[in-house]
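Note that my numbering numbers the sequence shown so that position 222 is 222, with each residue one more than the last. First up is the structure itself, then whatever we jot down about it.
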Amino acid sequence: MSDTSPTASRIAGRIAGVALTGAVAVAGLAVPALAAGTLEHPITTVADPAQVRYGTVPVDGLNIAYREAGDASLPKLVLLHGWPSSSHQFRDMIPLLARRFHVIAPDYQGFGNSDAPDPASYAYSFEGISRTIEKFLAAKGFDHYGLFVQDYGGPVGFRIVARNPVALDWLVVQNSNAYEEGFSPAWDGFRNALWVNRNADTEKPLAAFNTPEGVKGVYLAGAGHPELVSPDAWLSDSAFVARPNNLRIQLDLFYDYRTNPPLYPAWQKLLRDRQPKTVIFWGQHDPFFLPAGGEAFLRDLPKAEMHRLNAGHFATEDNLPYIVGHMIDFYDRQVAKAR
Numbered sequence: 001m002s003d004t005s006p007t008a009s010r011i012a013g014r015i016a017g018v019a020l021t022g023a024v025a026v027a028g029l030a031v032p033a034l035a036a037g038t039l040e041h042p043i044t045t046v047a048d049p050a051q052v053r054y055g056t057v058p059v060d061g062l063n064i065a066y067r068e069a070g071d072a073s074l075p076k077l078v079l080l081h082g083w084p085s086s087s088h089q090f091r092d093m094i095p096l097l098a099r100r101f102h103v104i105a106p107d108y109q110g111f112g113n114s115d116a117p118d119p120a121s122y123a124y125s126f127e128g129i130s131r132t133i134e135k136f137l138a139a140k141g142f143d144h145y146g147l148f149v150q151d152y153g154g155p156v157g158f159r160i161v162a163r164n165p166v167a168l169d170w171l172v173v174q175n176s177n178a179y180e181e182g183f184s185p186a187w188d189g190f191r192n193a194l195w196v197n198r199n200a201d202t203e204k205p206l207a208a209f210n211t212p213e214g215v216k217g218v219y220l221a222g223a224g225h226p227e228l229v230s231p232d233a234w235l236s237d238s239a240f241v242a243r244p245n246n247l248r249i250q251l252d253l254f255y256d257y258r259t260n261p262p263l264y265p266a267w268q269k270l271l272r273d274r275q276p277k278t279v280i281f282w283g284q285h286d287p288f289f290l291p292a293g294g295e296a297f298l299r300d301l302p303k304a305e306m307h308r309l310n311a312g313h314f315a316t317e318d319n320l321p322y323i324v325g326h327m328i329d330f331y332d333r334q335v336a337k338a339r
């Protein structure tokens, strides 16, 4: 029988304290003062604004999950993720940005920790996701912001900006396509088959992208430093994709992607007319989006800053310090000084 008396609790606390002190000493770390708190009044630390906060916001009957960090008085920055990830894509990026920006990264419906209603009764589309995320940003008080878009983040973000251009303070593009020449041959099964005639036969080869092997392959393909790409990335994504009904969600969005290219001329005109301050990071070995897709932005944004990286689709996995450092530098030189 265990002894849960106050005396036993105090003894157990002392033993734990001694063990912790020894472990910390072995690690060569400074030992905290054990007398700083008591059993009756343990220490409650103050959360640092740069620590990542997690929560959900109800939007149109759905709980939209997000990661957020940084003081609310700082310039606002929105990070929009790609397939098949979520805000987990920015798990290491957010803390590095949080001293300079008020950062938020939502999970689209059907992704990450957001609600994923059954696709049999809920229509998944880029238009629908953009409407939801637009309402999410309004609910969080992000009425103007810098915007980081990667992969799916482009068609979601450009739709939002097209409806409310004044909200965009500056733009960061990382392997997110808005030009026809950006499509690699990997899209042939989409453009020449699925989008022409969706059926079990045209879906089958594309479903393979959502297997654990397929997801892992997307992370590692073209990576300049594959040893820096954390397995947590593809294991997390694979676990979410493996949930009930999620393959159908992903295939619905694969099919709906056909609605994006017809909007490219309008998005290009928006960029051309408004000339947002833009910095581009383009992994040159992306299996989905060719370097020509990154270069094409410069036609409409000739003053944009281009960084051509020895990287693949998820360049922030193995080029994170470079990207974050140049984002902050670009903001300070090109955006903050222009205000």
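Where is the CB? At the ideal position from N, CA and C, for every residue including glycine. All figures in this text were calculated on a predicted structure; none of them were measured in a lab.
Anticipated Cβ contact below 8 Å, residue i with residue j, distance rounded
i	j	result
residue 180	residue 264	7 Å
residue 64	residue 132	7 Å
residue 112	residue 240	6 Å
residue 173	residue 318	Incorrect: roughly 18 Å between the Cβ atoms, too far for contact.
residue 206	residue 189	6 Å
residue 78	residue 67	Contact flag wrong, Cβ pair sits at about 11 Å.
Residues of its chain near residue i, where Cβ-Cβ distance is below 6 Å and the 5 sequence neighbours each way are ignored
i	result
residue 130	156, 159 and 160
residue 312	221, 222, 223, 283, 285 and 286
residue 75	101
residue 89	81
residue 212	238
Boundaries of the alpha helix (DSSP H) in which residue i is found, first to last residue
i	result
residue 293	291 to 300
residue 250	246 to 256
Residue i classed as buried or exposed, judged by whether at least 16 other C-beta atoms fall within 10 angstroms
i	result
residue 331	buried
residue 84	buried
residue 45	exposed
residue 38	exposed
residue 327	buried
residue 293	buried
residue 315	buried
N- and C-terminal bounds of the beta strand (DSSP E) containing residue i
i	result
residue 66	62 to 69
residue 76	76 to 80
Close beta carbons around residue i, own chain, < 8 Å, minus the five adjacent residues each side
i	result
residue 291	282, 284 and 308
residue 274	165 and 168
residue 353	Lying before the first or after the last residue shown, residue 353 is absent from the chain, which here runs from 1 to 339.
Beta carbon of residue i nearer than 8 Å to that of residue j
i	j	result
residue 93	residue 324	yes
residue 234	residue 219	yes
residue 171	residue 276	yes
residue 342	residue 105	Given a span of 1 to 339 for the chain in the structure shown, any question on residue 342 remains unanswerable.
residue 139	residue 59	yes
Close beta carbons around residue i, own chain, < 7 Å, minus the five adjacent residues each side
i	result
residue 271	300 and 301
residue 4	Confidence at residue 4 is low in this model, with a pLDDT of 48, below 50, so the placement of that residue should be treated as unreliable; the coordinate-derived value is given next. Taken in chain order, the list of residues that qualify is empty.
residue 329	none
residue 210	84, 241, 247 and 250
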